[in-house]
Amino acid sequence: MARDDWDPDRLPDLSGRRYLVTGSTRGLGFFASLQLAGAGAHVIMTGRNPHRLTTARAALRRQVPDAEVETLLLDTSNLGSVRAAAATARGRTGLHGLLLNAGIVHPPRQREVTRDGHEVVFATNALGHYALAGELLLALAAGRGRMVWVGSMSTVISPMELIDPELENDYTPWRAYVQSKIATTALGLEADRRLRAAHVPIASIVAHPGYATGGRTRGIAGINTPSRGKRFLDNLQAPISQSKERGAWTLVRALVDPLAEGGQFWGPSRGATGRPVPATVPRVARDAELAARLWNYCEHATGTVWPYLKASKTKRR
Ligand SMILES: NC(=O)c1ccc[n+]([C@@H]2O[C@H](COP(=O)([O-])OP(=O)(O)OC[C@H]3O[C@@H](n4cnc5c(N)ncnc54)[C@H](OP(=O)(O)O)[C@@H]3O)[C@@H](O)[C@H]2O)c1
4 MARDDWDPDR
14 LPDLSGRRYL
24 VTGSTRGLGF
34 FASLQLAGAG
44 AHVIMTGRNP
54 HRLTTARAAL
64 RRQVPDAEVE
74 TLLLDTSNLG
84 SVRAAAATAR
94 GRTGLHGLLL
104 NAGIVHPPRQ
114 REVTRDGHEV
124 VFATNALGHY
134 ALAGELLLAL
144 AAGRGRMVWV
154 GSMSTVISPM
164 ELIDPELEND
174 YTPWRAYVQS
184 KIATTALGLE
194 ADRRLRAAHV
204 PIASIVAHPG
214 YATGGRTRGI
224 AGINTPSRGK
234 RFLDNLQAPI
244 SQSKERGAWT
254 LVRALVDPLA
264 EGGQFWGPSR
274 GATGRPVPAT
284 VPRVARDAEL
294 AARLWNYCEH
304 ATGTVWPYLK
314 ASKTKRR
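With this note's numbering applied, the sequence shown corresponds to residues 4 to 320, in that order.
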């Protein structure tokens, strides 16, 4: 990229474009939804709790009164919920982007499984998003859209082998989180290889927000209300952290900048903080063989096989 005049505060006009964001009830997902809606996009805000969703939509509308937003119940840890939400979101017009953001950031101390029988962090952060993207593949192809998977710097700081993705052995909360993010990154890159090979007009990109904390983020009723103690502690980390609003910059740029390309990894310019720029793919997520194995695992675990052939023939709408 020769010249970079991207201004996260002045996005291109996104009127007429439809985006779905997972986990938009707070944090990065809320601010990404806000930034997209502020640029005129139609945003499908999704979340697992109807009350928090309503609160989030109201908070967004207070800031962008004419925002075109709708809400949709979607629990990424529950495959039935993923399928039901996808069936509603497909709509009559294409989808221009999918932000696969929802995540458990503070995993339970002990290993827990979902109703579908999967380890809850892997299910929420990786598996549900694999299924959702597959279920929405035709809508995305119709919109000539893209999907953005949310990775993490933790995959660079704590590289781990992904031999046991559901951590049947040796579960720790940190391991569960990092592994889920390695899986998310590997799936995002593998998706792009598969979509290209099948000539599907969809790009798959991975982006990470750096280190973004609630205590460094402005207060918004019902969305971000950190205690004074949290503000104090988070501000001690000011040199290496940023607000969730800024963290959302990379996710949004990867989703809407025409110059962003499938297979790229985006992050803040200084690693943990800064402007959104292309970054280096973490070493642990570069192994294409491992990614292919993980893909097969997700196919079996979710019963979702991505409809590449149909997607490659889908007409624009
Ligand atoms: N913040 C960072 O520094 C950082 C760094 C690297 C990567 N990330 C990634 O960025 C993403 C968002 O992080 P964040 O900092 O914004 O976290 P957050 O403030 O804790 O927000 C997480 C969001 O995900 C939603 N969520 C959790 N489980 C869900 C489920 N089963 N179904 C649907 N939604 C669910 C939450 O909804 P509820 O309101 O219902 O709980 C919430 O909207 C995560 O994938 C995280 O791994 C964050």
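The beta carbon of each residue, even a glycine, is placed where N, CA and C say it ideally should be. Please read these numbers as outputs of a predicted model, since none were measured by experiment.
Residue from the options whose Cα sits closest to the Cα of residue i
i: residue 10; options: 219, 125, 265 and 260; result: 260
i: residue 49; options: 43, 57 and 42; result: 57
i: residue 267; options: 280, 274 and 87; result: 280
i: residue 63; options: 92, 176 and 223; result: 223
i: residue 45; options: 202, 84 and 73; result: 73
i: residue 15; options: 39, 31 and 26; result: 39
i: residue 237; options: 251, 225 and 220; result: 220
Cβ neighbour criterion (16 or more within 10 Å) applied to residue i
i: residue 212; result: buried
i: residue 253; result: buried
i: residue 216; result: buried
i: residue 184; result: buried
Short Cβ contact (8 Å threshold) for residue i with residue j
i: residue 275; j: residue 243; result: yes
i: residue 132; j: residue 22; result: no
i: residue 207; j: residue 194; result: yes
i: residue 110; j: residue 61; result: no
i: residue 319; j: residue 97; result: yes
i: residue 67; j: residue 104; result: no
i: residue 124; j: residue 116; result: no
i: residue 284; j: residue 190; result: no
i: residue 80; j: residue 126; result: yes
heavy atom of ligand 1 below 7 Å from residue i C-beta
i: residue 168; result: no
i: residue 133; result: no
i: residue 207; result: no
i: residue 233; result: no
i: residue 297; result: no
i: residue 271; result: no
i: residue 78; result: yes
i: residue 153; result: yes
i: residue 202; result: no
Euclidean distance between Cα positions of residue i and residue j
i: residue 2; j: residue 313; result: Given a span of 4 to 320 for the chain in the structure shown, any question on residue 2 remains unanswerable.
i: residue 218; j: residue 228; result: 8 Å
i: residue 157; j: residue 28; result: 23 Å
i: residue 263; j: residue 289; result: 19 Å
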